């Protein structure tokens with residue numbers, strides 16, 4: 003297998019079609035098509051399903067893409083090391099985060115110190131952030147749920163309480179705080195499995211022996227917010243993520259330790275990367291003071 007063949011495959015898989023892949027590689031489309039075909043013929047595999055003008059990786063193509071991301075990610079680091087001599091005047095930092103509230107201050111600090119570095123941010127729950135780090139789609143992550151995994155290293159960043167949000171029509175709307183016991187039988191809207199806010203609340207409810215009525219499970223923060231505004235039910239949110247608005251109220255939980263946390267995380271094998279070290283340094287400089295419940 004030649005590296006040019008793998009590079010053509012990677013370009014098609016990441017761009018979604020042969021034309022865009024050829025343009026990204028600054029070669030002709032027939033060249034890319036030939037190199038991918040040679041790779042398929044050489045190993046007697048099918049790497050793409052051709053759907054109109056789209057090229058969708060097969061199961062084997064997805065597995066090869068996971069490896070090519072590692073290869074070309076490392077190649078990019080080598081080129082950057084040689085070209086910039088560690089001065090970080092250019093490059094591309096890919097950040098995966100559980101939400102904008104956890105990462106914005108870090109990004110501002112990083113951009114101010116390294117304005118020549120392009121930064122792209124993807125969001126998802128904690129499990130999705132770890133998956134992006136593990137398959138080299140992200141360089142550094144900012145997440146809340148931290149499971150013991152020797153593949154990763156982490157640094158603590160912040161700690162926040164979990165609040166309950168409700169509509170202005172709900173009986174809790176005029177309250178500053180409630181107890182967990184008062185959630186017994188209440189209609190509750192939960193985030194998707196993997197959400198740290200959901201996990202923190204469920205653990206606290208289980209410990210307290212409280213059973214609310216789960217009426218919806220929604221992955222989108224925006225849809226949850228709208229459902230709460232319509233008085234469909236209550237929802238839990240990290241206090242740092244709550245955005246006040248007409249018809250919406252935030253009520254603190256009294257007498258229970260319900261918290262979410264933020265950590266900066268990367269693959270252990272990449273912790274000495276200049277880009278990762280620079281981002282971690284900026285994160286340390288912007289750490290907020292600990293918040294009380």
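In the working numbering, the protein residues as written are 3 to 295.
Positions of the beta carbon are idealized from the N, C-alpha and C atoms, including for glycine.
For clarity, every value in this text was computed on a predicted model and none was experimentally measured.
Next item on the list: Can you tell me which of the three DSSP states residue 171 falls into?
Entry: The answer is coil: DSSP assigns residue 171 none of H, G, I, E or B.
Notebook entry, point to check: Is residue 232 helix, strand or coil when you go by DSSP?
Noted result: Under the three-state reduction of DSSP, residue 232 is assigned to coil, being neither helix nor strand.
Item checked: C-beta atoms of residue 250 and residue 197 nearer than 8 Å -> Contact annotation: residue 250 and residue 197 have beta-carbon atoms that are not nearer than 8 Å.
Next item on the list: Give every residue of the same chain whose Cβ lies closer than 6 Å to the Cβ of residue 140, excluding the five residues on either side of it in the sequence, and list them in chain order.
Entry: Excluding its 5 nearest sequence neighbours in each direction, residue 140 has C-beta neighbours in its own chain below 6 Å: 96, 98 and 134, listed in chain order.
Next item on the list: Please classify residue 131: does DSSP put it in a helix, a strand, or coil?
Entry: Correct three-state label for residue 131: helix.
Notebook entry, point to check: Are there 16 or more other CB atoms within 10 angstroms of the CB of residue 57, so buried, or fewer, so exposed?
Noted result: Around the CB of residue 57, 16 or more other CB atoms lie within 10 Å, so the residue is classed as buried.
Next item on the list: Mind reading off the beta-carbon distance from residue 155 to residue 192? Whole number of angstroms is fine, and I expect it under 8 Å.
Entry: In this structure residue 155 is not in contact with residue 192, their Cβ atoms being roughly 31 Å apart against a cut-off of 8 Å.
Next item on the list: Out of 265, 46 and 33, state which residue places its alpha-carbon closest to the alpha-carbon of residue 161.
Entry: Here the closest residue by C-alpha is 265.
Notebook entry, point to check: Taking three-plus beta-carbon pairs below 8 Å as touching, is the region 65 to 84 in contact with the region 99 to 116?
Noted result: Contact between the region 65 to 84 and the region 99 to 116 is absent, with fewer than three C-beta pairs closer than 8 Å.
Item checked: Residue of 259, 9 and 186 minimising C-alpha distance to residue 73 -> Cα-wise, what sits closest to residue 73 is 9.
Next item on the list: Quick one: using the 10 Å Cβ neighbour count with 16 as the cut-off for buried, is residue 188 buried or exposed?
Entry: Classification for residue 188: buried.
Notebook entry, point to check: Helix or strand or just coil, what does DSSP make of residue 177?
Noted result: DSSP places residue 177 in coil when its eight states are reduced to three.
Notebook entry, point to check: If you count every other CB in all the chains shown that lies within 10 Å of the CB of residue 294, and 16 or more means buried, which is it?
Noted result: The predicted position of residue 294 is uncertain, since its pLDDT is 45 and thus under 50; a value taken from the coordinates is nonetheless stated next. Exposed.
Check: Helix or strand or just coil, what does DSSP make of residue 154?
Finding: Reduced to three states, the DSSP call for residue 154 is strand.
Notebook entry, point to check: Which residues bound the beta strand (DSSP E) around residue 124?
Noted result: 119 to 125 is the extent of the beta strand (DSSP E) around residue 124.
Checklist line | Helix, strand or coil at residue 289 according to DSSP, with G and I counted as helix | finding: Here residue 289 sits in coil by DSSP.
Notebook entry, point to check: Among the residues of its own chain, which have a CB less than 8 Å from the CB of residue 167, if the five just before and after it don't count?
Noted result: The answer, listed in chain order, is 227, 230, 236, 237, 238, 239, 244, 250, 251, 252 and 253.
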